[in-house]
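Note that the protein sequences, when read in sequence, are chains A and B.
The opening position of the first sequence corresponds to residue 1 in the numbering used here, with each subsequent residue numbered one higher.
The opening position of the second sequence corresponds to residue 651 in the numbering used here, with each subsequent residue numbered one higher.
C-beta: ideal position from N, C-alpha, C; glycine also.
As the structure is a prediction and not an experimental result, all values here were calculated from the model.
I have placed the structure first, in the form of structure tokens, so that the comments after it can refer back to it.
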Amino acid sequence: MIHFAIRRQGREIRLRRGPAVSVLGAGVWFLSSVLGLTETDLDDEAFAALQAETKKGFSEQVTPFVKNYCSDCHGNKKRKGGVDLIAALKRPGQARYLKHWKLAVSNVKDFDMPPDDEEKLPTDEERRQFEDWIGKIKYLSPKDPGPFVLRRLTKVEYGNTLRDLYGVDPSVAEDLPDEVFGAGYLNTLSPLQSELYLGIANAVLDQILAPMGKPPTAVQKRLFEEPPGKGEDPREAARKVARRLARDAYRRPPTDEEVEVLVGVYDLARENELGYPEALRLLFKAVLVSPQFLFITPAEEIDSEQEIVPLDDYQMASRLSYLIWSTVPDAALYELAAAGTLHQPEVLKAQVKRLLMDPRSRALFDGFGAQWLGLGDLESKTFDEAKYPLMTAEMRAAMVEEARLFFEDIVRKNESVVRFVDSDHTFLNGTLAGLYGLDGSITGPEMRRVKLEDPNRGGILGMPAVLATTSFPNRTSPVKRGVWVLEQVLGEHVPPPPANVPPLEKQDQKEVAGLTLRERTELHVTNATCANCHKVLDPIGFGLENFDAIGRWREVDDSGGAIDASGELPSGERFASPRDLKAIVAGREEAVARNLVERFLAYALCRPLQGYDEIVVDQLMEAIAKNDYRMQTLVIEVVASYPFTQRRVR
Amino acid sequence: MLKNALIDRRTCLKGAGASLALPLLETMGWADTIAGKASKPPVRLGFMYMPHGVIMDQFWPTSPETFLSSLPPALESLRPVLDRCLMMKGISGVPISPFNGAPHALELSTWLTATLPDAPTRHRVNIAISADQIAANYIGALTSLPSLELATMPQTHKENQEGLHEAYYSHCSFRSPTQTVPAEINPRSVLKRLFGQSDKPGRSTEVDPLDRQMLDRVIGGARDLRKTLPQGDQHKLDEYLDSVRAVERRIAAIEYRQKEAALEKAGVRASRRHESDSPPIEIKIPEGDKRSEYMQVMCDLNVLAFQTDTTRISTYIGSTPNGVSYPELGFSDQHHSQTHHNNEAEKVRKVAAITKFNIDQFAYMVKRMADLREGDGTLLDHCLMMWGSGLEDGNKHARENLPFIIAGGGGGAVNTGRFLTGVSGNQGDLLTTLLDCIGVPLDRPIGLATKQITAMKA
């Protein structure tokens, strides 16, 4: 490995250049930083070898398969079902074709394609090989940290940042629109909202600065320091203030040009005959509406010819701090960035641990945990008031609080991700204890750690917040619960129901009267179109039928019939109670961990995973498995991962 | 107070419970008229949405001949303004293949675009500029706010159908193919930002005269930063800088109106509305959480924004396709769960009640407009208000005959009081015609449009 350094503005950007690897004929030199925290980090040579092998396999195995069995309908200008495998063959590794390959594989595997009436049908062995090869398609993606698009601070991050920098209440930002989360953010503003930032800046200034003619406030003294004395140049003093305000707000040292822009605003105020403190006020306002404050911007221009460079240490400090705390880096992080040591593996690892142990890491639940568990709408979700009078605002708040404390406990104690599913304790207060049937022993509004004797409880599958989220307003939904377990816990993809749902529930009211919900739902499986998916989904939901729509234990359902919580998964595993189901899910620790890694990586990168990310996830899984799937390890590995520490600049 | 003061400030403030400077309310003239002439009021365009379609035999009028005399139940509340309504059967929605598994994610996002998301980049927002935003680009420069976007529910739905970006579920306005325009759900914020009224003490709502120049310097400084960024990041930064420029423009508009007000105080009569025009309506923000009251105050804000010519383009997402219940109607079932009714009487009854509820709110809005004198007619005469859904029948996800109600004469462009059957056209054709009616020149059809629906014109 050749080490070299680019020296710019007194700081080194260290790079390690690997051997020349030409990938997909692009002649691109790939870089990986010294930040090789994971021992499993695929080195470039090994990766190139894998790529070559995969390419060869593709032309020898996949191309003939596609030409023999698929291309009549899925290629050469025909794109039945939107799938074009001939186009996909030309650039097999391209992210846009991934969906085509995935569809092809699942259909070929399930004997749905080619259609039975075709003359030529692949042998079972050919089908299996096709599946194998498509599984390797990820190796054709070029090594790439993915798009790193500049992101505006979210509403929560912005409010927290104002709080931590200036001591204002974060609710000052409450008028900003809520973010559309998911895989990646989308933050845009409507014309009506465009002046919000200016309005919020005004509100912040009103809160922390003294009115004209009044003595300065404490915050004002800290931010503006002493006004210039006699003989001192006020413009120079303003320049110093500008540099300091910008450093805090931009989360990095401002460039000289940036400072001059602010001094220009000061000049503007003075030209309009404002006094020194009022001129600083306008300068400060300019800082607060600057894009450098609202966006996390790089500390320095990259003038190398590289396509991919490591994040600079200031950017890293911000990325890390906003990921775990949803706020601006604190002094310790800033100092490490200034010293240029934050990117060092041991330093970075220690910082992740420090951030996780800090109370501010509750932001990780609010931002990631609640989203993962799907609890965002619970507090406003409608429940049938007559049927569930217990679903008060206090109850909903306690439910979410239970989930949060449970999540944080696993993070802070660095437990295995399996504990999310299988645990023997939880957090309750008097209100919530009622749902658990423990209202005698636990009273008062205070949440506290409670050891659970009932093995059906403990873990997210038996947690009221989750059970209520996955129910309808007036009854449980075994289907929703089944989908939730498969998608949110095991990371499987459940296809949506077909566009025109056939009239399954022509259920004659007389005929279904007296049937339990389970018996009614099971009618799905008598319909061939529905059966394929519902035979997987429904049993999981049935396994949780002992919990009603707000998470109370019950032995009979609304119809008065006894609950039957037994079932069998397609894999043949049988269960008879929530407790058994919990054990089966907890046994799939790799699937549970992989799902969390994928979701957390996407959350950390603020974008959906694609192409090369799949290889990154494989590597992360290997490293995390070595440490018993512990939660802190998971966070550390994601932070140290290639796409989190690098960015493509061209 | 001016003799011809157009707004009684106290009435406007009752709802907000505060009294602050109201720069925009100082005068309320048309910004683009020639001084001294009482000219024709401008034409405004508004959209209001409900998801999941309707119960067809309770929505469609029985025949063109009996349209004014025998009304289907869903339309009952429109009776007083029926002669100013137009209904058409035969407008089809966008066929959603290859996204067949995403009927609800696409009903709202295709509604004003008449376009499908770009399939290969479906996980991002990539669709088309929406009709309201095309109109805002052309007409918006004449008002202090180019367009107004309102919604009843937060636009944060997280379902991901067919791998489509979550935003498709709950957005109808797109500023560009890749940028949504978020809607405001808090009536207090709307009131504050439309009319500079604050209901929180200690918040500055006055414009600092130096802000414009300060922002100009900030934008100038951002140019250096911009140069250092990769292209994708530059676009992201530009989105923000554009919004800063919009603020500059808005401050300029406020300053312009303040100048006008000063002139008027000095006895120079500038722009003009008829002296007989109704005073601006009063806004009362409800205290409880009753859906009808909430939707009506949003409708009032829309009316006030049009009446005061603060904007000429609006969209109101009255309801979204995600888990919405209507406790006020006496049942807690979610809208969507009832729309797959398979003709079960109870569910049909509930869907019909929800539909009627939504149309009632639309009727409330257009009736208010019909009660306000403006120029030689009413505010409604100078508006084109469209209510509709992105599905015809939620039970089967059909979109052959999308339900629409158009209210208002569009300044004489539309021939109302009719029910047209056998209209053959699509959503794009309809949107193209609407824009033509309000005078927006189009250089290309909207979405899958191929023609205009000339039958609806006067």
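9 Å Cβ cut-off: residues of chain A touching residue i
i, result
"B:E937", "The premise fails here: B:E937 is roughly 17 Å from chain A at the closest Cβ pair, so nothing lies under 9 Å."
"B:D1079", "The contacting residues do not exist; B:D1079 stays about 24 Å from chain A at best."
Contact set between residue i and chain B, taken where Cβ atoms lie within less than 7 Å
i, result
"A:P177", "P832"
"A:E301", "T878"
"A:V265", "M864, R867"
"A:T297", "L875"
Proximity test, Cβ basis, 8 Å: residue i and chain A
i, result
"B:P692", "no"
"B:Y890", "yes"
"B:E799", "yes"
"B:K886", "yes"
"B:L1098", "no"
"B:T878", "yes"
"B:S942", "no"
"B:T806", "yes"
"B:R867", "yes"
"B:S893", "yes"
"B:P977", "yes"
Closest Cα partner of residue i within the set the options
i, options, result
"A:M447", "A:F427, A:G374, A:V172", "A:F427"
"A:L98", "A:D613, A:V639, A:A623", "A:D613"
"B:C1033", "B:D707, B:F1007, B:C1087, B:Y818", "B:C1087"
"A:G551", "A:V597, A:K78, A:L390", "A:L390"
"A:M395", "A:P464, A:A331, A:I410", "A:P464"
"B:G1025", "B:P929, B:I789, B:Y819", "B:P929"
"A:R360", "A:K535, A:E225, A:R163", "A:R163"
"B:V744", "B:A1099, B:P936, B:A769, B:P691", "B:A1099"
"A:G81", "A:K67, A:A104, A:Q94", "A:A104"
"A:V639", "A:K285, A:H493, A:S321", "A:S321"
"B:Q783", "B:V775, B:D768, B:E799, B:R772", "B:E799"
"B:L891", "A:A576, A:P291, A:L311", "A:P291"
Between the CA atoms of residue j and residue i - distance to the nearest angstrom
i, j, result
"A:A433", "B:L721", "54 Å"
"B:E932", "B:L954", "8 Å"
"B:V998", "B:Q988", "7 Å"
"A:Q632", "B:G871", "41 Å"
"A:R281", "A:G440", "58 Å"
"A:V352", "A:M316", "12 Å"
"B:V974", "B:Q984", "5 Å"
"A:T443", "A:R419", "26 Å"
"A:K136", "A:T297", "36 Å"
"A:Q61", "A:F644", "35 Å"
"B:K837", "B:L951", "Lys is not the amino acid found at residue 837 of chain B; the sequence shown has Pro there. For B:P837 and B:L951, the distance between alpha carbons rounds to 8 Å."
"A:V649", "B:A902", "38 Å"
"A:E522", "B:T965", "43 Å"
Partners in chain B for residue i, counting only beta-carbon separations shorter than 9 Å
i, result
"A:N272", "P859, L860, Q863"
"A:Q292", "G871, A872, L875"
"A:A269", "L860, M864"
Partners in chain A for residue i, counting only beta-carbon separations shorter than 8 Å
i, result
"B:P802", "For clarity, residue 802 of chain B is Thr in the given sequence; the question names Pro instead. Simply none; closest approach about 12 Å."
"B:P730", "Ordered by position in chain A, no residue passes the 8 Å Cβ test against B:P730, which lies about 31 Å from the chain."
CB contact below 8 Å: residue i versus chain B
i, result
"A:A238", "no"
"A:D256", "no"
"A:Q646", "no"
"A:K285", "yes"
"A:P473", "yes"
"A:R650", "yes"
"A:W261", "Here residue 261 of chain A is Val; the residue named in the question, Trp, does not match the sequence. Interface residue, yes."
Which residues DSSP lists as bridging residue i, in chain order
i, result
"B:L798", "B:S964"
"A:K451", "A:H425"
"A:F575", "A:G567"
"A:V556", "A:A562"
Cβ-heavy atom distance, residue i to the ligand SAM, below 7 Å
i, result
"A:N414", "In terms of ligand content, the structure shown is empty, and the ligand SAM therefore cannot be addressed."
Residue i: contacting residues in chain A (beta-carbon distance under 7 Å)
i, result
"B:P1109", "Residue 1109 of chain B lies beyond the residue range present for chain B, which begins at 651 and ends at 1108; the question has no answer from this structure."
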